[in-house]
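Quick note: the sequence shown uses the numbering used here, first residue 1, plus one each step.
Cβ coordinates follow ideal geometry from the N, Cα and C atoms, glycine included.
In what follows, a single structure is set out as structure tokens and then discussed.
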Amino acid sequence: MLNLSVEKAYPLVQKNIKKELLLQTENLVRSYQQYVNQAQGLAHEDAVVYGFRALIALANMVIEEREVFAIEPWHLMSLDAPLSCPGEMLLRVRDYRGDVIPPYPAVMAFYNHGFTAQLDNILFLAALDQFMRSDERQVSINVSARSLRDRGFVTSTLECLSTLELGSDEKIIIEIHESTPHVGMNQDVLKLYHNLGVSFALDDVGLNINDIMRIGEFDGIADYIKIDRHAVCAENGASNSLENVVSFVESLMPKVTIVAEGVQDAHHAIRLRKRFPEIAYVQGLYLPSERSVFKRQLIRAQ
1 MLNLSVEKAY
11 PLVQKNIKKE
21 LLLQTENLVR
31 SYQQYVNQAQ
41 GLAHEDAVVY
51 GFRALIALAN
61 MVIEEREVFA
71 IEPWHLMSLD
81 APLSCPGEML
91 LRVRDYRGDV
101 IPPYPAVMAF
111 YNHGFTAQLD
121 NILFLAALDQ
131 FMRSDERQVS
141 INVSARSLRD
151 RGFVTSTLEC
161 LSTLELGSDE
171 KIIIEIHEST
181 PHVGMNQDVL
191 KLYHNLGVSF
201 ALDDVGLNIN
211 DIMRIGEFDG
221 IADYIKIDRH
231 AVCAENGASN
241 SLENVVSFVE
251 SLMPKVTIVA
261 EGVQDAHHAI
271 RLRKRFPEIA
281 YVQGLYLPSE
291 RSVFKRQLIR
301 AQ
């Protein structure tokens, strides 16, 4: 069993969050190890073993205070945008060789086997821990909608958030994924996060029936809508075109801030800005990680 009782010279708030993070990590290591043992010889054994390897690597990175997340900027496209430098915290756990462990199968090993809230709790606290140690001032942290219905996750994260004293230029955004009409949100719980200064972003919004229903549920709660990359890159005239999605979002949530995901390059961003001045931010895997570099690319692309 890993020794997760390492103590560092943290300021009080950071130390308390670190303590909760290590406690939650040790609890999940113990319970998930039992699940791995039970999965021996079964069809899902490889998947859960893969998840366990990723969890141990994550625990080691937490103990060593290494960066668990990479920041993918929301690049500013509008002077009316509410935040100057937000960025999404993307999971980047590394193995003993220093190679990145592909995050999707690692996360799904927990999501698919009943450990969604426990994993999200650890990742959320790890994100807070890294946020407090970094120069980033405004970050979004991915959380499953299912976790926001879990008492343990809500209690742990609210207690930690309540101890933070964010500066006027600092912001934490919960980026909600896996939200469906079958996972109803408790509005009172969401308001507790709002009361602590936390904002919400609804991830991967398109034009299917799930999107229509979940946008209605988050009206008045979601501050940001992130439009799915497939819509952002769809051809004009397609049923799921960006024009249709933007129109749909604005008709239901006229005050929401729009983020376009999957933007390919500065030229693509310029085209979007000309057609959709409503888009406040763009984000994309192939865009520069340095905001200043992207600004220069925008100037050259005009």
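- Collapsing the DSSP output to three states places H194 in a helix.
- For the pair R291 and V282, the Cα-to-Cα distance works out to about 11 Å.
- The DSSP-derived three-state label of Q283 is coil.
- Between I173 and V205 a beta carbon distance of about 15 Å is seen, past the 8 Å cut, so the two are scored as non-contacting.
- In the displayed model, K295 falls within a helix according to three-state DSSP.
- Put simply, the backbone Cα of T25 is about 24 Å away from that of L196.
- Per DSSP, reduced to three states, the secondary structure at Y35 is helical.
- For V246, the secondary structure class from DSSP, reduced to helix, strand or coil, is helix.
- Judged by beta-carbon spacing, L21 lies beyond the 8 Å limit of D150, meaning their Cβ atoms are not closer than that value.
- Under the Cβ criterion (8 Å, minimum of three pairs), the segment 149-163 counts as touching the segment 114-134.
- Counting the other CB atoms within 10 Å of its CB gives S162 a total below 16, which places it among the exposed residues.
- Straight across, the Cα-Cα distance linking G220 with L58 is about 35 Å.
- Where T257 is concerned, the enclosing beta strand (DSSP E) starts and stops at T257 to A260.
- Using a Cβ distance threshold of 8 Å, I71 and G87 count as a contacting pair.
- Here the segment 93-110 lies against the segment 38-53, with 3 or more beta-carbon pairs under 8 Å apart.
- The three-state reading of DSSP puts L79 in coil, since its state is none of H, G, I, E or B.
- Of the candidates V13, V198, N210 and H113, the residue whose Cα lies closest to the Cα of A43 is H113.
- Contact between A222 and A266 fails: their C-beta atoms lie close to 28 Å from each other, not under 8 Å.
- Going by beta carbons, I270 and L298 fall inside the 8 Å limit.
- Distance between S78 and D95, taken at the CA atoms: about 39 Å.
- When the beta-carbon positions are compared, E175 and D203 come within less than 8 Å of each other.
- Secondary structure note for N60: its alpha helix (DSSP H) is the uninterrupted segment E45 to I63.
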